[in-house]
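Written below as structure tokens is the structure these notes are about.
Residue numbers (this note's numbering), protein chains in the order written: chain A, 6 to 337; chain B, 6 to 337.
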């Protein structure tokens, strides 16, 4: 494959927003999220409508807290996990902003950030919102079983994050800049278990991270934090083994947003969090704020996606993965 | 909303490819498609696998006929109508090319062309493939009813095109150039009939086309052809009425890819073709070849998408539409 790592200049994070559900608000990153709700149905008739409300509220909050109006935003590049990204499409009908729908499963946030960064660096766009949502209740019933069945969860399962995260990228200099990116390819090592998303995505994560360092010439300790999106604990360990087989040793600066967002001992979440909003809420909440206060200066975010549908799983297809990497640096 | 029309410089169509099913091969554009097949199952176990084979064969044929290898392609920006664009994801696992998944329903081809054009004009990418697929049998059972039921089709229904279309964009000067684009927003006038896609999408098409002319300062007769994606005959008439209400009168240079691809008198297709591959196969086949031979010099392509899922329809949501416009001109 051609090298797919490239530098990005003149693209900055103007602001972020995150709204999370009750379980996420009980986790270790609680204080970093902008808002949390006590009822994950948000007073709606369905969890799909609740997910739309999460997504719409997060984008509106981001626009408001930044002192803007819808008219100041050039474009939204957004997605979710629902069939036909219908949650995002119905979110966007409430906003008078152009919309491009993205879908790379839980790697969608990376796709959105990279696309927006290239758009801004082209000089044709100034301010773009990148956002994703996910909801435990909509994802479980779509990809696995009706929640009412109360199926026992398998040891390698993960817990879909109920949240929305949104980032406003801009061409005006700000403290945190987008500096480079690596585009991922679809990789399939034959895993067929829709309850073991970490194993489906780890090969793609290892491939993208290894290529990022090979193509950029950087060493892993260049970054204060290398964070995959939602491999969970078991998936992260697998990813480290796969990377080491290719000669890349990841150290203590490697972590996973899915492993970070929940307390596995007390929260009964299997291997940790997952979902399209896992990386977007952890970045918009925890990582961005740690960069603002200077505790993190260089971060490589690698959202990871498992590319399946209920139909492809029922037809016996294995589940390929994809991962894209985006590097953020405190602008000095 | 902010103006969303912008010029594109230095982006050209290097080549196109289209492979269509038997019904499309019997239609009036038959001779313009690169290849057609006699059996729309293509020897596969399921129609989903057949759609993947259409998509993969079209991309591989495009790469081969252009004298390239996978390694020469920077990126694929592609999508389809299947839940989680699983057909495209499984297509991409066979290709060693970076992948960004796009979803704006049947407007996905426009999203892909615009994103690729901005990527190339940023100077970071040279050669990008934009592609979409759709299949009558996968779309009908996903969005409406199992085919085995033999449900009677309603008068306003359309026939999903079975095909894949792919365009290779490049930064090297060629006869046909991408010149400008208008990004669309999500518009919902409250239509709830999933069998009347034309009415769902016409308001978005009218909005994007009206804004294109208002923002570019061009007149409709600047283009030899203004082609919406898949409004069908009734949807196109509705779109013209909506545009005229906003002061834009469309003349004989307006047509619709869905109205063009089938013969409504002899082919029993309701209002005409639809689907994510309707605009991509008609552009890659008919329009591009008419531009190459000089019969068309300036074309505004406006792929149109209906943003629904089976779940959103069953939950009683109305169906919003979106449309993006891309202008191609023969490079003189």
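For glycine and all other residues, C-beta sits at the position ideal for the given N, C-alpha and C.
Not one beta carbon of chain A lies nearer than 8 Å to the beta carbon of residue 336(B).
Contact of residue 315(B) with chain A by beta-carbon distance below 7 Å involves 88. Assigned with DSSP and collapsed to three states, residue 42(A) falls in coil, not helix or strand.
Contiguous beta strand (DSSP E) elements confined to the stretch 50 to 99 of chain A occur at 80 to 84, taking only those with 3 or more residues. Contact of residue 25(A) with chain B by beta-carbon distance below 7 Å is absent, the smallest such distance being about 23 Å. In the same chain as residue 292(A), and ignoring 5 residues on each side of it, the C-beta atoms closer than 8 Å to its own belong to 230, 232, 301, 304, 306, 333, in chain order.
By the beta-carbon neighbour count (other beta carbons within 10 angstroms, threshold 16), residue 163(B) is buried.
Under the three-state reduction of DSSP, residue 228(B) is assigned to coil, being neither helix nor strand. With a minimum length of 4 residues, the unbroken runs of alpha helix (DSSP H) contained wholly in the stretch 135 to 206 of chain B fall at 141 to 148. A residue is called buried once 16 or more other Cβ atoms fall within 10 Å of its Cβ, and residue 184(A) is buried on that count. Cβ contact annotation for residue 135(B) (same chain, cutoff 6 Å, sequence separation greater than five): 82, 117, 118, 121, 172, in chain order. Segment contact: the stretch 275 to 286 of chain B against the stretch 98 to 112 of chain B, three or more CB-CB distances shorter than 8 Å; contact assigned.
Within the stretch 256 to 285 of chain B, the complete beta strand (DSSP E) segments at least 3 residues long are 259 to 261, listed from N- to C-terminus. When CB distances to chain B are screened at a threshold of 7 Å, the residues of the stretch 118 to 132 of chain A falling below it are 120, 123, 124, 126, 127, 129, in chain order.
Counting along the chain, residue 306(A) sits inside the beta strand (DSSP E) bounded by residues 303 to 307. C-alpha of residue 169(B) to C-alpha of residue 248(A): approximately 36 Å in a straight line. The beta carbon of residue 55(A) sits closer than 6 Å to those of 46, 47, 49, all from its chain and outside the five residues before and after it, given in chain order.
Residues of chain B with a Cβ closer than 8 Å to the Cβ of residue 79(A) are, in chain order, 7, 9. Not flagged as an interface residue toward chain B: residue 259(A), since no C-beta distance is shorter than 8 Å. One alpha carbon belongs to residue 145(A), the other to residue 28(A), and they sit about 15 Å apart. Take residue 38(B), set aside five residues on each side of it, and the residues of its chain with a beta-carbon closer than 6 Å to its own are 23, 25, 290, in chain order. Comparing alpha carbon positions, the residue from 91(B), 32(B), 35(B), 36(B) closest to residue 61(B) is 91(B).
The C-beta distance from residue 326(B) to residue 151(B) rounds to 26 Å, too long to meet the 8 Å contact threshold.
Annotation: residue 268(A) to residue 32(A) spans about 6 Å, alpha carbon to alpha carbon. Here the alpha carbons of residue 201(A) and residue 323(A) stand approximately 12 Å from one another. Under the three-state reduction of DSSP output, residue 251(A) falls in the coil class, being neither helix nor strand. Shown here, residue 110(A) sits in coil according to DSSP, grouped into three states, outside any helix or strand.
Per the DSSP secondary-structure output, residue 22(B) pairs in a beta bridge with 171(B). Secondary structure note for residue 334(B): it is in no alpha helix (DSSP H), and the uninterrupted beta strand (DSSP E) holding it is 330 to 335.
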